[in-house]
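**Student:** So the sequence shown is numbered by the numbering used here: it starts at 2 and just counts up by one. Here's a structure for you.
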Amino acid sequence: DTATLGLYGLGTMGSALALNILDKGFGLYVSNRSAKAVPAFVDEARDEGLAERLTGSDSLEDMVKAMPAPRAIILMVPSGRPVDSTIDTLIPLLEDGDTIIDAGNSDFRETRARTAKVEDAGLTYIGMGVSGGEDGARHGPSIMVGGTPEAWDAVRPVIEAISAKFEGAPCADHLGPDGAGHFVKTVHNGIEYADMQLIAEIYGLMRYGRGDTPAEIGKVFEGWDDGPLGSYLVEITGKVLQATDTETGKPAVDVILDAAGQKGTGRWTAIEAIRMGRSASIIEAAVAARALSSEVGVRAKGEDIFGACRAAIDLSDEILHDALLVGRILSYAQGFRILKAASEEFDWSIDMARTAEVWRAGCIIRSVLLDDIASAFRSDLPEGELIFAPPLVDRLKAASLALRKTVCAAATHGHATPALSSALFFLDTMRHARGTADVIQAQRDFFGRHGFVRLDGREDQHGPWWDDAG
Ligand code: 6PG
């Protein structure tokens with residue numbers, strides 16, 4: 002049986018997704034915590050000629066009662082407690098064969114726990130990452146589904162229909178069980194944070210190092226959108242930098258407080274990376290930069306005490322373009338490394354190529370690079386590492402000097418470039434067979450007799466400092 006569709010939560014994203022579902026010809030039941038939003042939404046749908054297959058209800062209870070079974074109910078409520086309380090309300094109302102779909106930015110650990118709880122109650126649960134903002138939700142988001150294969154089969158037609166398309170193929174797929182979909186969305190957002198930070202740093206070098214105006218920089222970004230940096234984030238950066246504040250006539254960015262908000266998903270990527278004993282250093286740098294940006298008063302005091310030190314730099318558009326490209330390749334690679342590590346830890350079997358393909362359209366990090374990355378994952382990767390894929394190696398070899406020059410100039414002239422610097426540090430670490438952790442191991446052994454592996458393969462060895470000590 003095809004499930005009847007319901008959607009609970011008519012906020013900006015919920016309304017947009019509901020219109021998208023109606024637009025694709027599906028019937029839909031809707032409701033909202035505050036009942037006022039329901040007639041308003043029905044009016045909106047009517048204005049768009051989409052009210053024919055729509056049923057609005059004043060409460061979740063009424064909505065469920067109105068829906069013939071089997072039901073599939075999409076939750077578009079804020080992540081965290083509202084998801085739990087909605088599930089608690091739904092469980093006694095639903096019956097065998099019904100499905101709850103959480104389409105918010107939920108923590109994958111909560112999704113795992115909720116899956117177990119909902120399945121215990123004899124129902125089906127799907128944790129679904131949705132990316133693309135309001136416009137994406139309305140006209141085609143990228144959708145990352147976690148749940149059982151049977152749960153996916155039941156909702157697949159509607160999810161594929163409402164998703165973005167890349168050359169006709171839906172940017173939606175079932176990527177693994179329980180928390181897999183939400184984890185993929187979390188990593189998507191980690192990459193989103195890194196890419197936004199890399200772009201902001203390149204902007205900073207142009208603005209405060211070269212003295213370019215926001216509009217001039219915006220034009221450069223607009224041009225870059227046509228090449229290998231082609232992407233939604235580069236495109237919108239070109240637009241925001243060329244926009245003018247209607248009240249003051251100043252560049253729009255010049256009236257915005259430079260303190261970045263964050264709801265948590267980027268931070269979760271960094272936390273999970275560290276928890277697994279791995280590193281997503283560029284994403285970590287981006288999360289740190291957002292945190293430090295919020296300390297507006299402290300930074301102002303710092304400028305009073307130390308004095309500002311940003312000096313003029315001479316870096317061409319070409320160099321900065323290549324630096325951004327290398328930074329982007331490396332931050333995507335770090336995101337996929339974390340995805341792979343988590344997939345192994347939780348036994349999710351996430352298909353990296355499919356993930357890259359699902360991200361090619363509809364989502365915030367969509368970019369031409371993701372098509373190359375999808376192809377790279379479909380070929381043989383040395384050591385399974387994306388950065389060793391021959392086409393990416395060629396790009397990294399050709400452009401990494403630009404990243405080095407950029408980071409050098411930034412450091413020499415006092416510009417903070419945490420994400421670009423982390424990208425360079427990652428590349429320089431991964432290209433040296435022998436690093437400096439021998440000293441760390443020696444120190445650990447010296448103070449704690451922790452032992453080390455000798456280069457000849459013998460394990461649990463100790464240094465001469467212990468023999469000396471008797
Ligand atoms: C998306 C976005 C979206 C996210 C915003 C805000 O993929 O559509 O990632 O899900 O909520 O980007 O995130 P922050 O508030 O953490 O910046």
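Note that CB positions come from ideal geometry on N, CA and C, so glycine has one too.
1. By how many angstroms is the C-alpha of Ile-275 removed from the C-alpha of Ile-283?
2. Using a threshold of 8 Å, is the CB atom of Ile-473 nearer than that to any non-hydrogen atom of the ligand 6PG?
3. Quickly, what does DSSP pair Phe-167 with across the bridge? List them, please.
4. Got a sec, what are the start and stop residues for the beta strand (DSSP E) Val-256 sits in?
5. Tell me which same chain residues have a C-beta within less than 8 Å of the C-beta of Val-39, skipping the five on either side of it?
6. Tell me whether Lys-264 is buried or exposed, calling it buried when 16 or more other Cβ atoms sit within 10 Å of its Cβ.
7. Compare the C-alpha of Thr-116 against each of Pro-465, Gly-180, Leu-293, Gly-464 and name the closest.
8. By the three-class DSSP mapping on this structure, what secondary structure does Gln-263 have?
9. Are Ile-314 and Gly-210 closer than 9 Å when you measure CB to CB?
10. In this structure, does DSSP put Val-454 in helix, strand or coil?
11. Report all residues from its chain with a CB closer than 6 Å to the CB of Lys-220; omit the five preceding and five following residues, and keep chain order.
12. Would you check whether the ligand 6PG has a heavy atom nearer than 8 Å to the C-beta of His-189?
13. How big is the Cα-Cα spacing for Ala-261 and Ser-422?
14. For a test of the three-state rule: what should DSSP assign to Ser-295, helix, strand or coil?
15. Can you give the beta carbon distance from Pro-391 to Leu-326, rounded, assuming they're within the 8 Å contact cut?
16. Arg-72 lies in the beta strand (DSSP E); which residues open and close that run?
17. State the Cα-Cα distance for the pair Phe-337 and Trp-349, rounded to the nearest angstrom.
18. Are the CB atoms of Ile-365 and Gly-137 nearer to each other than 9 Å?
19. Less than 8 Å between the CB of Gly-134 and some heavy atom of the ligand 6PG, yes or no?
20. According to DSSP, what are the bridge partners of Thr-125?
**Tutor:** Taking the definition as stated:
1. Here residue 283 refers to the residue found at position 282 when the sequence shown is read from its first residue. Here residue 275 refers to the residue found at position 274 when the sequence shown is read from its first residue. Going from the Cα of Ile-283 to the Cα of Ile-275 covers about 13 Å.
2. The requested residue 473 is not part of the displayed model; the chain covers only 2 to 471.
3. Numbered from 1 along the sequence shown, position 166 holds the residue referred to as residue 167. Paired residue(s): Ala-170.
4. Here residue 256 corresponds to residue number 255 of the sequence shown, with the count starting at 1. Looking at the DSSP string, Val-256 is not in any beta strand (DSSP E), and its letter there is neither H nor E.
5. By 1-based counting over the sequence shown, the position of residue 39 is 38. Leu-11, Val-31, Ser-32, Asn-33, Gly-57, Ser-58, Asp-59, listed in sequence order.
6. In the sequence shown, counting from the first residue as 1, residue 264 sits at position 263. Exposed.
7. Position 115 of the sequence shown, counting from 1, holds the residue named residue 116. Per the Cα distances, Gly-180.
8. Translated into the one-based positions of the sequence shown, residue 263 becomes position 262. Gln-263: coil per DSSP, three-state reduction.
9. Your numbering for residue 314 matches position 313 in the sequence shown. Your numbering for residue 210 matches position 209 in the sequence shown. Yes, they are a contact pair.
10. Residue mapping note: residue 454 aligns to position 453 of the sequence shown, counting from 1. Of the three classes helix, strand and coil, the one that applies to Val-454 here is coil, per DSSP.
11. Numbered from its first residue, the sequence shown carries residue 220 at position 219. So no residue of the chain qualifies.
12. In the sequence shown, the residue the question calls residue 189 occupies position 188. Correct: His-189 has its Cβ closer than 8 Å to the ligand 6PG.
13. For this step, residue 261 is matched to residue 260 along the sequence shown. For this step, residue 422 is matched to residue 421 along the sequence shown. The straight-line gap from Cα to Cα measures roughly 20 Å.
14. What you label residue 295 is simply residue 294 of the sequence shown in a count that begins at 1. Looking at Ser-295 - three-state DSSP - the assignment turns out to be coil, as it is neither helix nor strand.
15. If you number the sequence shown from 1, residue 391 lands on position 390. If you number the sequence shown from 1, residue 326 lands on position 325. About 17 Å; that fails the 8 Å criterion.
16. In the sequence shown, residue 72 corresponds to position 71, counting from 1. Unbroken beta strand (DSSP E) run through Arg-72: 72-76.
17. Numbered from 1 along the sequence shown, position 336 holds the residue referred to as residue 337. Numbered from 1 along the sequence shown, position 348 holds the residue referred to as residue 349. When rounded, the distance between both Cα atoms is 14 Å.
18. For the purposes of this step, residue 365 is taken as the residue at position 364 of the sequence shown. For the purposes of this step, residue 137 is taken as the residue at position 136 of the sequence shown. Yes, the pair counts as a contact, with Cβ atoms nearer than the cut-off.
19. On the sequence shown, residue 134 is found 133 positions in, with the first residue counted as 1. Yes.
20. On the sequence shown, residue 125 is found 124 positions in, with the first residue counted as 1. DSSP, once it has assigned bridges, lists Thr-100 as partnering Thr-125.
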